[in-house]
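One structure below.
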Amino acid sequence: MAVNSKYSLNVIQWNVQSLHPNLTGFDLLLNQVLNENLGSDHLIVELKLDIMRNSSHVKKHRNFKKAEWTTYKNIIEQKLADFHLSLDTQNTYDDYINIINSAAEVAIPDSVIPDNPLRSEKFKPKPYWTPHLSRSIAQRKMALAKFRRNTTPENLRDLQENIRSCQPAIRNGRFKSWQRFGDSLDEVATTNEMWMRMKWFKGY
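Residue 1 is where the sequence shown starts when you use full-length UniProt numbering, and the numbers rise one by one after that.
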């Protein structure tokens, strides 16, 4: 990339993504290349980001579970067969991303998630969810992230210990919640009450 040049990285799906380099899809203005390398063979590139928040109340995401991957692959292969490299690297990159996007439009359906500001207020956690369980899961995620950054035997042991302590806590919470649910059922419950309980049980 040239210094002080503006680039736009397109997106593959409605959420901002990038292929390579590992940058999000915002308009970037390369400010300067620093001489400090911090002991590495790479130089530091200082970037200035111009970020605009999307004010839309509807967020679209690719539903990869329902994707037709064979169709997706065939479309890309068919279009790449007639793909010609341009002398302009940016135009070649844009054309390639357009091929990926057009294949995704056909083969990968969208799932619409409304951006409702009241959604967090309506959210109800599982009956067995506790602050202790949240802390245990957070520690497991932190141990996993640490192990991915530095795959040492010590970090692996920490991750395994967090997994061993987290899984029994989740199972124990679910077991006690299921016991309370079973104990709450009796012969005096009305039909409507039972239907409401079963409706809740469906999302359990």
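Idealized CB from N, CA, C, for every residue including glycine. Since the structure is predicted, the reported quantities are computational estimates derived from the model, not experimental observations.
Given a threshold of 16 other Cβ atoms within 10 Å of its Cβ, counted over all protein chains shown, does residue i qualify as buried or as exposed?
i, result
"residue 62", "buried"
"residue 104", "buried"
"residue 44", "exposed"
"residue 164", "exposed"
"residue 107", "buried"
"residue 162", "buried"
Helix, strand or coil for residue i per DSSP?
i, result
"residue 106", "helix"
"residue 146", "helix"
"residue 46", "strand"
"residue 177", "helix"
"residue 153", "helix"
"residue 195", "helix"
"residue 84", "coil"
"residue 133", "helix"
"residue 187", "coil"
"residue 138", "helix"
"residue 72", "helix"
"residue 270", "Limits of the chain in this structure are 1 at one end and 204 at the other, which puts residue 270 out of reach."
"residue 96", "helix"
"residue 79", "helix"
"residue 158", "helix"
Rounded to whole angstroms, what's the CA-CA distance from residue i to residue j? Just pull it up for me.
i, j, result
"residue 169", "residue 98", "47 Å"
"residue 126", "residue 176", "12 Å"
"residue 197", "residue 137", "28 Å"
"residue 151", "residue 139", "17 Å"
"residue 153", "residue 72", "40 Å"
"residue 134", "residue 128", "11 Å"
"residue 81", "residue 75", "10 Å"
"residue 109", "residue 77", "20 Å"
"residue 111", "residue 67", "11 Å"
"residue 101", "residue 46", "29 Å"
"residue 194", "residue 178", "16 Å"
Quickly, what does DSSP pair residue i with across the bridge? List them, please.
i, result
"residue 62", "110"
Any heavy atom of the ligand HEM closer than 7 Å to the beta-carbon of residue i?
i, result
"residue 142", "Because no ligand of any kind appears in the structure shown, any question about the ligand HEM cannot be addressed here."
Leaving out five residues on either side along the sequence, give the residues of the same chain with a beta carbon under 7 Å from the beta carbon of residue i.
i, result
"residue 147", "155, 156, 159"
"residue 144", "159"
"residue 166", "136, 137, 140"
Answer yes or no: does any C-beta atom of chain D fall closer than 8 Å to that of residue i?
i, result
"residue 83", "Among the chains in the structure shown there is no chain D, since it carries only a single protein chain."
Who are the near neighbours of residue i in its chain, counting only those whose CB is closer than 8 Å to its CB and skipping five residues on each side?
i, result
"residue 95", "83, 86"
"residue 64", "108"
"residue 189", "197"
If I measure Cβ to Cβ from residue i and keep anything under 6 Å in the same chain, skipping five residues before and after, which residues do I get?
i, result
"residue 174", "128"
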